[in-house]
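Asks: Numbering-wise, the sequence shown is residues 58 to 250 according to this note's numbering.
Virtual Cβ for every residue (Gly too), placed ideally from N, Cα, C.
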Amino acid sequence: MTSAGTRHRTPDEDRRLTVLALAAREGGPADIEAFTREIYPDVQRFTTYLTDPQSAEDLTQESFVRILGSLPGFAGRSSARTWLLSIVRRVVIDRFRMAAARPVIADVPDWQFAAERRQPRGLPGADDGVALADLLDKVPGDRRAAFVLTQLLGLPYSEAAELIGCPVGTVRSRVARARDQLLTSLTEAEKAA
């Protein structure tokens, strides 16, 4: 387990997921359910780290609509995790593009503060998750994506590079820079406290 509560996947687990995806591709309800149950936590975690907790559930559901709609075209040439996370990433990007094209209307001056005030407090680990999310928000998007994929979701650097569309060395560099920025931000926050 990592500090964020995720587990690094082994090659056997990735192969198992790919087998589940290929079986689900045939459309059997039990196979689709098994595949969905297996990938749901990773999809939700990825949408949460790429966006915010308020949007994550909608994006997770939208991602599943696209994933299940795309299953007939999945050929198994790459791991199912790489394939499905690339779909999730496109769903999130599409949502950002749609949001940028729409005017924002809010009936509360600071809607984010109002939403945060309504979040449950005092749960074990909740503050750590909020602190990590706040620190990750300060990391530029390309570095954050590389960090989340490799360090939180446990993808190998090669798969993260394939998913992001850049060389492995670039992913390593982005992860190192994100880690340095997170450590610096954490140190500064601790000094200020």
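On the criterion of 16 or more Cβ atoms from any shown chain inside 10 Å, does S136 qualify as buried, or is it exposed?
Replies: Buried, because 16 or more other Cβ atoms sit within 10 Å of the Cβ of S136.
Asks: Do T104 and F121 have their C-beta atoms within less than 8 angstroms of each other?
Replies: No.
Asks: Could you compute how far the alpha carbon of P181 sits from the alpha carbon of L189?
Replies: Interpretation of P181 is limited by its pLDDT of 44, a score under 50 that renders its predicted location unreliable; no figure is taken from the coordinates.
Asks: In or out: R66 buried (at least 16 other Cβ within 10 Å) or exposed?
Replies: Classification of R66: buried, given that the 10 Å Cβ count is 16 or more.
Asks: Where are the alpha helix (DSSP H) runs, 4 residues long or more, that stay fully inside the region 81-142, in chain order?
Replies: With a minimum length of 4 residues, the continuous alpha helix (DSSP H) runs that stay inside the region 81-142 are 86-107, 110-127.
Asks: Report all residues from its chain with a CB closer than 7 angstroms to the CB of A163; omit the five preceding and five following residues, and keep chain order.
Replies: Legend: pLDDT at A163 = 48, less than 50; position of this residue unreliable, value from coordinates given subsequently. For A163, where only same-chain residues beyond five positions count, there are no Cβ hits under 7 angstroms.
Asks: Rounded to whole angstroms, what is the Cα-Cα separation between L107 and G84?
Replies: Roughly 30 angstroms separates the two Cα atoms.
Asks: Rounded to the nearest angstrom, how far is the Cβ of R82 from that of F131, given a contact under 8 angstroms?
Replies: About 5 angstroms separates the two Cβ atoms, so the contact holds.
Asks: Taking a contact to mean a Cβ-Cβ separation below 8 angstroms, would you say D71 touches R138 in this structure?
Replies: Cβ distance < 8 angstroms, so D71 and R138 count as in contact.
Asks: CA-CA distance, T241 and V100?
Replies: Roughly 29 angstroms separates the two Cα atoms.
Asks: Within 10 Å of its beta-carbon, does R231 have 16 or more other beta-carbons around it, so buried, or fewer, so exposed?
Replies: So R231 counts as buried.
Asks: List the whole-angstrom C-beta distance separating L220 from L128, where the pair is believed to meet the contact cut-off of C-beta under 8 angstroms.
Replies: 18 angstroms between Cβ atoms; not a contact.
Asks: Under a three-way DSSP split, which group does T67 fall into?
Replies: Reduced to three states, the DSSP call for T67 is coil.
Asks: Taking C-alpha atoms, which residue in G226, R123, D109 lies nearest to F153?
Replies: Nearest option by C-alpha distance: D109.
Asks: Which word fits K195, buried or exposed, when buried means at least 16 other C-beta atoms lie within 10 angstroms of its C-beta?
Replies: Classification of K195: exposed, given that the 10 Å Cβ count is below 16.
Asks: Look at the alpha carbon of A113 and the alpha carbon of L209, and state the distance between them as a whole number of angstroms.
Replies: Going from the Cα of A113 to the Cα of L209 covers about 16 angstroms.
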